[in-house]
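Notes follow the structure.
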Amino acid sequence: MHNHVCTCTRCQRASGGALAHNVWFREENVRIVSGEYSVWYPQGETTPDVMKAFCPICGGGGFSKSGTYFPGTVIIAGGTFADPSFPAPDHVHWWDNRPHWIDLAEPIKRLAGN
1381 MHNHVCTCTR CQRASGGALA HNVWFREENV RIVSGEYSVW YPQGETTPDV MKAFCPICGG
1441 GGFSKSGTYF PGTVIIAGGT FADPSFPAPD HVHWWDNRPH WIDLAEPIKR LAGN
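Residues in the sequence shown are numbered from 1381 upward in steps of one, following my numbering.
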């Protein structure tokens, strides 16, 4: 439903990188097929019901929910699909917040803010 890269400072901190590749799905189209996950609610969020889930063993993978910001959706990091043929993001959120050295392919749309 939504495939983008985000360079906001929150996504930079959450991903541990200069940007995050986020793929949004409708919640009814996502299911957990095996394993358990731990949940963390980030403190100080502008939307207090943001939820992040991750593997309790390795801390990796995971998904998140944006709460009231975009209800009924699940966000999965694009890199977790580990599929070189996975579709490229079609736009960048918070382009103006990117580190100065990041430049992306010309055809991708760049949005200055949210």
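The beta carbon of each residue, even a glycine, is placed where N, CA and C say it ideally should be.
The model shown is predicted, which means the values in this text are computed figures rather than measured ones.
Inter-residue distance for D1470 and D1483 is about 14 Å (C-alpha atoms, whole angstroms). Bridge partners of N1383 according to DSSP: V1403.
Around the beta-carbon of S1444, 16 or more other beta-carbon atoms lie within 10 Å, marking it buried. At a Cβ-Cβ threshold of 7 Å, M1381 and R1406 count as neighbours.
Contact annotation: L1491 and H1473 have beta-carbon atoms nearer than 7 Å.
Excluding residues up to 5 positions away in sequence, Y1417, V1419, G1442, F1443 lie with their Cβ nearer than 6 Å to the Cβ of A1433 in the same chain. Comparing alpha-carbon positions, the option among R1393, Y1449, A1398 lying closest to W1475 turns out to be A1398. If only complete runs of 3 or more residues are kept, the segment 1390-1461 shows the beta strand (DSSP E) at 1400-1406, 1418-1420, 1431-1434, 1443-1445, 1453-1457, in order along the chain.
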